[in-house]
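These protein sequence lines are chains H and V, in that order.
Going by the numbering used here, the residue at position 17 of the first sequence is 17; the numbering climbs one at a time, nothing skipped.
Going by the numbering used here, the residue at position 513 of the second sequence is 1513; the numbering climbs one at a time, nothing skipped.
Just so you know, even glycine gets a beta-carbon here, dropped at the ideal spot from N, CA and C.
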Amino acid sequence: MFKGMPKIFWVGMAVMYGWCFFFMFLEMTIPELPLTKFMGVPACYIYNWIFGLWIVNIIVSFLYVKMEEKREAKQ
Amino acid sequence: MEVNPIVIMGALTYFAVLFWIGWSSRKASSDASEFYVAGRKIGPFVNGSALAATYFSPASFLGLPAFIFILGYPFWWALVGIIGGMPIATLLTAAPLRKYAPTSFTDYYADRYETKWMRLIAGIPTIIGGFAYVILSIVSTALFMMAILRLDFALSVVLAAVVVYAYIYLGGMVATTISTAFQGIMMTMASLLATAYVISNYGGLNGLTDAVLANSPHFFNMPYVTETPSHKLMSMWTGVVGFFFTWHFGFSAMPYTVVRFFTTQDINAARRSVFWAVILGGAMYAGLIIIGTGARVLIETMHPLMQTEGISSAIDVLKHMKTAFGVAGATVTDYSMIAAMESLKSPFLLAIITAGGLAMAMATAAGWTMVLNVLLGRDLLGKVFGNKWPEEKPVQCARVMTTIVIFVCMLFAFKPPALVLDISGAAFVVILCSCGPPLILGIWWTRATTAAAATNVLVMTFLSCFSWMYANSVHKTAHVFFLDKTIVTPHQFYWVFVGFIFFILVSLITKPNSDKAIQKYSLDLRPEE
């Protein structure tokens, strides 16, 4: 199953799920974590709104495109 | 609340651009290949923008802020789950399916599983989900029409159906791809502009957070760490995780996005188009989170209807809209996003938001209608039942199907069965648990069998539909486990995972497909090592 799937796919999955479930777990164990100030604003705007929603996914998506194009160019 | 000429001008400008695109592409759509898959000549950015506009339906634009309005901060994770599911599609389905280059969503099922009847079987949940989506798109278009023209809801539904019908009829996939790309940019701009208005209204993110907490003290509460949850559906981890997964795998396997992988120039363009869709979609969702977060406090402190006519809360404002415009069912809650924008009292903002909302609703309606008319005409009537009409006059056939689909959906839209996001969630779970495993594992697992594919689609369609409707009618919400209402399970999302396990187990005990089919439709579609 999934034989031939590029390794970068699993790396991207680990980054995306790792980020989401790590912070989800922290939120359910540390009271008021979303409202704790980080970089001058409630932390949830940083780890959820900016990174979890957008930046992490852009990075993963970019890696999938570039690494595959690089691998195909080598062939 | 009167009709505002600036809002009407904004909507008219949007329609003018849209119909110009439809009109200028009418010749291209006279050919079958152009009509169905846009001649496979769409570049990555245009296709990515079209992907975003199609995938992010009005269930996103209206429904997600409405659910944040109801459920609070924990629902932010649902939006993270939706965007997080997009990059996965790059290598899981976008590249393999573009390499295969079919015409229709059901082509893969018929070829990989070596029987034309898989078209019919896979078509069942697709038709259920497709009709649900066109209905919710017409409902949402009607809500925006209502906001612009202050028309009665029923009249708005008719107008919405006519507008959606006109431009699909004229353009087919060429019009829907190019105009949808325009719509993708439009809706992202609208969302970001609204975000800027909301944040600046409160003097920054800290000001917004303080205002939300002053209005709803439990808004940011997560399960287990506080005594009072933000909402009872967010009182256990299954609620947060369940909403995260309800739409998560949709970008990889939902028919209306999968068909957009077919329209790209090549595999590279298919992969890059996902990247652009993530950028545009992520930006738009960032805006929707802020709009949903600020919705209640905006409505309750600034809406023109507050403190008048005996209205004292956001719910009262929505109830007033329901009575004044005859909005049917629970769908008036979906108006909360528009009501929040009305609170900012900027006709320019409302003009952009309504144009963006119309863009989104029409793009999704068009995407799904194209899936349905190809499925009903070319696939079922032509390929399964041997009728020559779809082959001899494909465009005429697709247009007749479009007429039927839009008319039937318009009738249902007069009284929507649920909130737009609830209709969307149900459609996603039904299609993902039934059609998802045969598609994804068909590509990535040589042991996937015809018996497992057919059984999985039929069994999972029944189980997911039955459990959703049972929970909705008996427990009065589709978000609790149908056998035990104390367990929160949004949209019975667990069926997506059960579907994959069931498919694997049945495949292991049934006869594999021929070596030729496995080679051509599984091994050959994977990246060359």
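Check: Cβ of H:F22 within 8 Å of any chain V Cβ; Outcome: no
Check: Buried or exposed by the 16-neighbour rule on C-beta atoms within 10 Å, applied to V:D1334; Outcome: buried
Check: Backbone secondary structure at V:K1520 - three-state DSSP; Outcome: helix
Check: Members of the region 33 to 51 of chain H near chain V, C-beta cut-off 8 Å; Outcome: L33, P34, L35, G40, V41, P42, C44, Y45, N48, W49 and I50
Check: Rounded separation between V:C1433 and V:I1006 - CA only; Outcome: 45 Å
Check: Same chain, Cβ closer than 7 Å to V:V1405, neighbours up to 5 away in sequence not counted; Outcome: V1134, T1369, L1372 and N1373
Check: V:R1097 versus V:G1085, V:A1053 and V:A1253, residue with shortest Cα-Cα distance; Outcome: Residue 1097 of chain V is actually Leu in this sequence, not Arg. It is V:A1253.
Check: Proximity winner among H:K37, H:T29 and H:K66, relative to H:I8 (alpha-carbon distances); Outcome: H:K66
Check: Contact check, V:V1198 vs V:I1290, beta carbons under 8 Å; Outcome: yes
Check: V:A1426 vs V:A1132 beta-carbon contact at 8 Å; Outcome: yes
Check: 6 Å CB neighbourhood of V:I1088 in its chain, flanking five on each side removed; Outcome: S1252
Check: Identity of the residue in H:I55, H:P42, H:M16 and H:Q75 nearest V:T1209 by Cα; Outcome: H:P42
Check: At least three beta-carbon pairs within less than 8 Å, the region 1048 to 1065 of chain V to the region 1272 to 1283 of chain V; Outcome: yes
Check: As assigned by DSSP and simplified to three states, the class of V:P998; Outcome: Outside the shown range of chain V, which is 1001 to 1529, sits residue 998 of chain V, and nothing can be said about it.
Check: Any non-hydrogen atom of the ligand MN within 7 Å of V:T1323 CB; Outcome: What this structure holds is no ligand at all, so the ligand MN is not there to describe.
Check: H:E72 classed as buried or exposed, judged by whether at least 16 other C-beta atoms fall within 10 angstroms; Outcome: exposed
Check: Interface residues of chain H facing V:E1528 [CB-CB closer than 7 Å]; Outcome: Q75
Check: Same chain, Cβ closer than 6 Å to V:V1327, five either side skipped, listed in chain order; Outcome: F1153
Check: Where V:G1282 meets chain H, residues with beta-carbon distance less than 7 Å; Outcome: L53, W54, N57 and I58
Check: Residues bridged to H:R42 [DSSP beta-bridge criterion]; Outcome: The sequence as given places Pro at residue 42 of chain H; Arg does not occur at that position. DSSP, once it has assigned bridges, lists H:K37 as partnering H:P42.
Check: Length-filtered (4 minimum) alpha helix (DSSP H) runs lying within the region 1198 to 1262 of chain V; Outcome: 1205 to 1215, 1237 to 1246, 1250 to 1253 and 1255 to 1262
Check: Interface partners of H:G12 on chain V, CB under 7 Å; Outcome: P1087
Check: Below-8 Å beta-carbon distance, V:G1084 vs any chain H residue; Outcome: yes
Check: Under 8 Å between C-beta atoms of V:A1478 and V:D1422; Outcome: yes
Check: C-alpha distance - H:E69 paired with H:Y17, whole-angstrom precision; Outcome: 24 Å
Check: Opposing strand residues paired with V:F1481 [DSSP bridges]; Outcome: V:D1484
Check: V:V1496 versus V:L1120, V:A1016 and V:W1247, residue with shortest Cα-Cα distance; Outcome: V:W1247
Check: Within chain H, partners of V:V1274 - CB distance below 9 Å; Outcome: S61, Y64 and V65
Check: Sequence ranges, alpha helix (DSSP H) only - wholly within the region 1039 to 1089 of chain V, length at least 4; Outcome: 1044 to 1055, 1064 to 1071 and 1076 to 1089
Check: Burial state of V:E1548 (16 or more Cβ within 10 Å); Outcome: Residue 1548 of chain V lies beyond the stretch modelled for chain V, which goes from 1001 to 1529, so this question has no answer here.
Check: Closest residue to V:C1397 among V:L1376, V:P1102, V:T1090 and V:F1407 (Cα-Cα distance); Outcome: V:L1376
Check: Under the three-state DSSP convention, the category V:T1354 falls into; Outcome: helix
Check: Three-state secondary structure assigned by DSSP to V:T1455; Outcome: helix
Check: Buried versus exposed call for V:A1196 [16 or more other C-beta atoms within 10 Å across all chains shown]; Outcome: exposed
Check: V:T1489, DSSP secondary structure in three states; Outcome: coil
Check: Proximity below 8 Å, CB of V:S1507 to CB of V:A1471; Outcome: no
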